[in-house]
Amino acid sequence: MRVSHFPIFTLKDTPADAEVISHKLMIRSGMIRKLSSGQYSWLPLGLRVIKKIEDIIRIELEKIGCSEILMPSVQPSELWQESGRWDQYGPELLRFTDRHQRDFCLGPTFEEVITDLIRKDVSSYKQLPINLFQISTKFRDEIRPRFGVMRAREFIMKDAYSFHANQQSLDEAYEVYKTAYNNIFKNLMLDFTVVDADSGNIGGNESNEFHVIADTGEDDLLLDDQLKGMNIEIAKVKYGEDDLEALIKKTNLTHKKGIEVGHIFKLGQKYSETMKAKVTTKDSKTVDMFMGCYGIGVTRIVAAAIEQLHDDKGIKWPASITPFNTVIIEIDGHKNSDVRAYCESVYESFIEKDIETIYDDRDANLGKKIKDWELIGIPNIVIIGKNESNNNTVIFKKRSSESKSEMDINNLLDEIIS
RNA sequence: CGGGGUGUAGCGCAGCUUGGUAGCGCGGCUGGUUUGGGACCAGUAGGUCGUAGGUUCGAAUCCUAUCACCCCGACCA
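The numbers in numbering that gives the first Met the number 0 rise by one with no breaks, and the one at position 343 of the first sequence is 342.
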């Protein structure tokens with residue numbers, strides 16, 4: 000892409016209403032803009048990061064036999080009445096009425112809809128297990144949205160659901176998802192941990208949370224050397240102790256801050272029972288299906304990655320989810336046609352190698368361009384001016400390092416690809 | 001919902017205490033010189049001071065109400 004065709008919107012000043020670093024950097028680097036409290040528009044740069052995360056998730060889920068679907072966000076109240084959550088869920092469930100005075104809500108989660116979907120088409124144990132997921136916008140009328148997209152009212156979540164004829168099948172699937180989630184977060188190239196957790200009002204009897212480790216995280220975790228452990232809430236119950244310091248002593252675990260980005264649950268028969276989602280078993284009996292549900296906060300991962308990987312200049316994207324792999328910064332290309340032509344040819348050679356490249360062809364001086372791309376956090380920075388054009392070389396600088404070096408293009412391509 | 005805070009130009013802010021009709025920096029636009037780490041010079045546009053009401057000869061400034069936004073708490077991917 001060329002910047003002339005891929006608008007970037009960077010800011011020098013931090014907007015006054017941003018508090019945490021990821022929020023500040025997302026606004027300044029032009030990834031998002033606020034519409035109203037807890038609601039953000041995603042600009043081209045930010046959306047590319049979302050797509051990267053979604054693709055990593057898709058690949059791992061498809062590997063374990065989970066197929067993608069898409070369900071409506073506007074959900075009829077009847078289903079929520081049936082599960083009992085119309086009354087239980089509380090004001091976080093945004094409710095409204097259509098022109099026929101029929102009640103609806105904006106889906107904060109999709110157990111009701113998917114259970115309804117499955118019960119209509121599945122009647123035999125032979126059709127099970129079934130694994131489905133969607134990546135879609137969820138809405139929760141949060142008491143207090145905050146920290147930008149970290150806790151937004153409208154956000155993108157991947158939610159997967161599994162249906163089984165018996166507990167054993169669910170147990171097996173749960174472990175498969177756990178492994179897949181580990182792979183997803185490994186592939187995202189973020190420091191993370193999985194902990195035992197409370198299943199909250201989703202229901203069920205076993206659950207694990209996946210956390211991105213970050214000093215600015217909101218959740219307290221107690222972890223061992225292997226980064227395994229438990230959420231503080233679980234620890235409190237388990238050890239009968241409310242004080243954090245006392246718990247650390249008692250458990251001999253390390254205290255870390257985490258940002259919850261994934262949560263998996265064994266729902267069991269909670270929804271299938273109330274919503275009468277049954278199948279016939281091998282011995283001709285009927286049984287309520289066993290369910291699991293598995294969530295990942297896609298938009299929250301964007302913020303969590305930034306919380307974990309940044310410096311005073313801006314974001315430092317891991318290769319896995321960077322909006323672009325490489326930026327080519329042109330010096331004086333608007334006046335120097337040799338430089339322009341040379342930049343174009345270097346750009347083409349990057350594109351030929353399938354390196355995701357953004358070519359900064361703006362009429363601006365070097366300092367401004369470098370500041371912008373360091374803020375945005377592109378891992379590889381290539382600088383080209385008249386010297387490089389004459390020498391048939393480029394200047395190469397990594398986002399993670401201060402040093403620059405003049406390089407032959409082919410050598411650079413090899414280095415970036417490796 | 002309880003506690004705290006902020007609304008003045010696209011962004012960051014000053015002005016408010018002590019009323020006299022709005023200013024600075026960045027950004028934008030035009031022209032020129034520039035472009036090797038956020039350039040310089042000259043010019044220029046842009047604000048019913050969140051909204052409504054009140055006090056006053058006169059309100060950004062004082063009073064009342066209201067809305068929005070942010071932070072702390074309860075809740076959560």
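Cβ atoms here follow ideal geometry from the backbone N, Cα and C, with glycine treated the same way. Given the structure is predicted, the values throughout are model-derived calculations rather than measurements.
Among Asp12, Met0, Gln38, the one whose alpha carbon lies nearest that of arginine 27:
Translated into the one-based positions of the first sequence, residue 27 becomes position 28. Considering only alpha carbons, the answer is Asp12.
Are the Cβ atoms of tyrosine 39 and arginine 47 separated by less than 8 Å?
To locate residue 39, count along the first sequence from 1; it is residue 40. To locate residue 47, count along the first sequence from 1; it is residue 48. Not in contact: tyrosine 39 and arginine 47 (Cβ atoms no closer than 8 Å).
Going along the chain, which residues of its own chain have a beta-carbon closer than 8 Å to the beta-carbon of serine 36, five neighbours each way excluded?
Walking along the first sequence from the start, residue 36 turns up at place 37. Closer than 8 Å at Cβ, skipping near neighbours: Pro144, Arg152.
Taking the alpha carbon of cysteine 292 as the point to measure from, which residue in Thr9, Lys62, Thr114 has its own alpha carbon closest?
Sequence index remark: in the first sequence, residue 292 carries index 293 (1-based). Per the Cα distances, Thr114.
Close-in-space but distant-in-sequence residues of the same chain around glycine 216 (CB under 6 Å, 5 per side omitted):
To locate residue 216, count along the first sequence from 1; it is residue 217. Answer for glycine 216: Lys256, Gly257, Ile258, listed in chain order.
Exposed or buried, which one is arginine 98 when buried takes at least 16 other CB atoms within 10 Å?
In the first sequence, residue 98 corresponds to position 99, counting from 1. Burial call: exposed.
For leucine 189, the nearest candidate out of Asn181, Met30, Gln225 (CA to CA)
Taking the first residue of the first sequence as position 1, residue 189 is located at position 190. Ranking the options by Cα distance to leucine 189, first place goes to Asn181.
For glutamate 59, I'd like the list of residues in its chain whose CB is within less than 6 Å of its CB, leaving aside the five on either flank, ordered along the chain.
Translated into the one-based positions of the first sequence, residue 59 becomes position 60. Contacts found: Ala179, Asn182, Ile183.
With a cut-off of 8 Å on the beta carbons, I'd call proline 322 and leucine 44 a contact; round off their distance for me.
As a working mapping, residue 322 is identified with position 323 in the first sequence. As a working mapping, residue 44 is identified with position 45 in the first sequence. Rounded, the Cβ-Cβ distance is 5 Å, consistent with contact.
Three or more C-beta pairs below 8 Å linking the stretch 212 to 229 and the stretch 279 to 294
no
State the DSSP-derived secondary structure class of isoleucine 233, mapped to helix, strand or coil.
The residue given as residue 233 occupies position 234 in the first sequence. DSSP, read as helix, strand or coil, puts isoleucine 233 in helix.
Here's a check: name, in chain order, each residue in its chain whose Cβ is nearer than 8 Å to the Cβ of glutamate 18, leaving out the five neighbours to either side.
Locating residue 18 in the first sequence gives position 19, counting from the first residue. So the list reads Arg145, Phe146, once near-sequence residues are dropped.
Just mark valine 297 as buried or exposed, buried being the case when its beta carbon has 16 or more other beta carbons within 10 Å.
Within the first sequence, residue 297 is the residue found at index 298, counting from 1. By the neighbour-count rule (16 or more Cβ atoms within 10 Å), valine 297 is buried.
Quick check on DSSP: helix, strand or coil for cysteine 292?
The residue given as residue 292 occupies position 293 in the first sequence. Of the three classes helix, strand and coil, the one that applies to cysteine 292 here is strand, per DSSP.
Less than 8 Å between the CB atoms is what I'm expecting for glycine 332 and glutamate 373, so what's the real figure, rounded?
As a working mapping, residue 332 is identified with position 333 in the first sequence. As a working mapping, residue 373 is identified with position 374 in the first sequence. Wrong, their Cβ atoms sit about 20 Å apart, outside the cutoff.
For the alpha helix (DSSP H) holding aspartate 115, just list the boundary residues, first then last.
Taking the first residue of the first sequence as 1, we reach residue 115 at position 116. It spans 110 to 120 - the alpha helix (DSSP H) in which aspartate 115 sits, taken as one unbroken run.
Nearest candidate by alpha-carbon position, reference arginine 150, set Lys137, Ser271, Arg1
Translated into positions along the first sequence, residue 150 becomes position 151. The candidate whose alpha carbon is nearest that of arginine 150 is Lys137.
How many whole angstroms separate the CB atoms of glycine 261 and glutamate 208, which I take to be in contact at a CB cut-off of 8 Å?
Position 262 of the first sequence, counted from the first residue, corresponds to residue 261. Position 209 of the first sequence, counted from the first residue, corresponds to residue 208. Indeed, because the Cβ distance is near 7 Å, the residues count as touching under 8 Å.
So, are the CB atoms of arginine 139 and glutamate 91 less than 8 Å apart?
The sequence position of residue 139 within the first sequence is 140, counting from 1. The sequence position of residue 91 within the first sequence is 92, counting from 1. Here arginine 139 is near glutamate 91, since their CB atoms are less than 8 Å apart.
Using alpha carbons as the reference points, say which of Lys23, Arg84, Asp353, Tyr124 lies closest to glycine 106.
Taking the first residue of the first sequence as 1, we reach residue 106 at position 107. The residue with the shortest Cα to Cα distance from glycine 106 is Arg84.
Keeping to the same chain, check which residues put their C-beta closer than 6 Å to that of leucine 10; ignore five residues upstream and five downstream.
Residue mapping note: residue 10 aligns to position 11 of the first sequence, counting from 1. Arg27, listed in sequence order.
Could you say which of Lys385, Ile350, Ser344, Tyr88 lies nearest to lysine 334 if we only look at CA atoms?
By one-based count along the first sequence, residue 334 stands at place 335. Of the candidates Lys385, Ile350, Ser344, Tyr88, the residue whose Cα lies closest to the Cα of lysine 334 is Lys385.
For the ligand COA, any of its heavy atoms closer than 7 Å to the Cβ of glutamate 343?
With respect to the ligand COA, the structure shown offers nothing to examine, as it has no ligands at all.
With 16 other CB atoms within 10 Å as the buried threshold, where does serine 404 fall?
Position 405 of the first sequence, counted from the start, is the residue given in the question as residue 404. Exposed is the call here.
What's the C-alpha gap between threonine 280 and serine 123?
Here residue 280 is taken as the residue at index 281 of the first sequence, counted from 1. Here residue 123 is taken as the residue at index 124 of the first sequence, counted from 1. Approximately 7 Å between the Cα atoms of the pair.
Determine, using beta carbons only, whether lysine 265 and glutamate 174 come nearer to each other than 8 Å.
By one-based count along the first sequence, residue 265 stands at place 266. By one-based count along the first sequence, residue 174 stands at place 175. Cβ distance not < 8 Å, so lysine 265 and glutamate 174 don't count as in contact.
What residue range is occupied by the uninterrupted beta strand (DSSP E) comprising lysine 11?
For the purposes of this step, residue 11 is identified with residue 12 of the first sequence, where counting begins at 1. Element bounds for lysine 11: n/a, residue is neither H nor E.
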